[in-house]
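For reference, the structure discussed in these notes is given below.
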Amino acid sequence: MLTVEKIGGSSMSKFGDVLRNIIIGSRKKGDYFGRIFIVSAYGGVTNWLLEHKKTGEPGVYDFFVRGEDYQAELGKLLGKFIEINKTLKDIKLDQKIADDFITNRIKQSRDYLNSLAEVMASGYVNHQNILLAAREILASIGEAHSAFNSVNILQNNGINATVDDVQVYHLTYNTIGQRGLPLLLPAIDWIKQYRRFLASRVAIMLALARFAWKTKTKGGQTAVDA
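Position 111, counted from 1, in the sequence shown is what the numbering used here calls 132; the numbers after and before it change by one each time, with no gaps.
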């Protein structure tokens, strides 16, 4: 049996506590594995990328919608992401690797947004569909950031872990360890196929991985029926 556990943004911002009390806890080393953690972005990050849920303060998405300088806003956010990385060094995040990852991810996302902006400017497409894609791309930055960092921290703490980065604009899962899994593979089939693989690993997935798992609750966790 695999378990699927969701970690929200506020908890992700206290990842040291999550590592000590949830991922490790009172478990023996061999009991860490066979678990999938679906992680959110760090607390407040999605507000920066999209908009503040409570105050309505605009995020990068709003700049994109209005045709304003969303690229400059993404540049400002990179500095904030790097500041978050600095706070995780004491639980063994490799900051150089983490900074390089988020820098490249923001550059990639900026390139995608530039292409979407050009398509919208043509006037031949439904803007609503383009804006939905832009929103997903931006939201994914925060979740990819926290997922990548989490795996790096786990690995540096001696826990075998892998990250499955599931995005609407990727053809494959981008994973630590050069694995690639077809994006359209049904989740249950994926779990059946990789049950043995995950028996010796902890998997970190992005919250944007919206799968129709058959699940049941057991002991405060979600057990996958596969």
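The C-beta atom is built at its ideal place from N, Cα and C for all residues, glycine as well.
Find out if the Cβ-Cβ distance for the pair residue i, residue j is shorter than 9 angstroms.
i	j	result
ALA182	SER167	no
VAL60	MET226	yes
ILE123	ASN173	no
ASN177	LYS113	yes
ALA138	GLY88	yes
ILE45	ARG56	no
LEU109	PHE58	no
ASP38	SER32	yes
GLY30	THR67	yes
Relative to the C-alpha of residue i, which candidate in the options has its C-alpha closest?
i	options	result
THR24	ASN147, GLY37 and PHE54	PHE54
SER136	ALA154, ASN177 and ASP121	ALA154
GLY100	ARG156, GLY30 and ASP120	ASP120
LEU71	VAL146, LEU95 and PHE58	LEU95
LEU175	GLY65, ASN147 and ASP111	ASP111
VAL223	ASP52, GLY30 and SER34	ASP52
Can you name, in chain order, every residue of its own chain whose Cβ lies under 6 angstroms from the Cβ of residue i, other than the five neighbours on each side?
i	result
SER130	ILE158 and ILE162
ILE103	ASP120
Work out the CA separation of residue j and residue i for me, nearest whole Å.
i	j	result
LEU98	ASN125	13 angstroms
HIS73	ALA93	19 angstroms
LYS239	VAL81	Caution applies to LYS239, whose pLDDT of 44 falls short of 50 and renders its modelled position unreliable; the model cannot decide the point.
ILE180	LYS50	8 angstroms
Sorted by chain position, which residues of the same chain lie with C-beta nearer than 7 angstroms to residue i's C-beta, five sequence neighbours on each side aside?
i	result
PHE84	ASP90, TYR91 and GLU94
Segments of 3+ residues assigned as beta strand (DSSP E) that fall wholly inside the region 53-84: Along the region 53-84, the beta strand (DSSP E) occurs as fully enclosed runs of 3 or more residues at 56-60, listed in sequence order.
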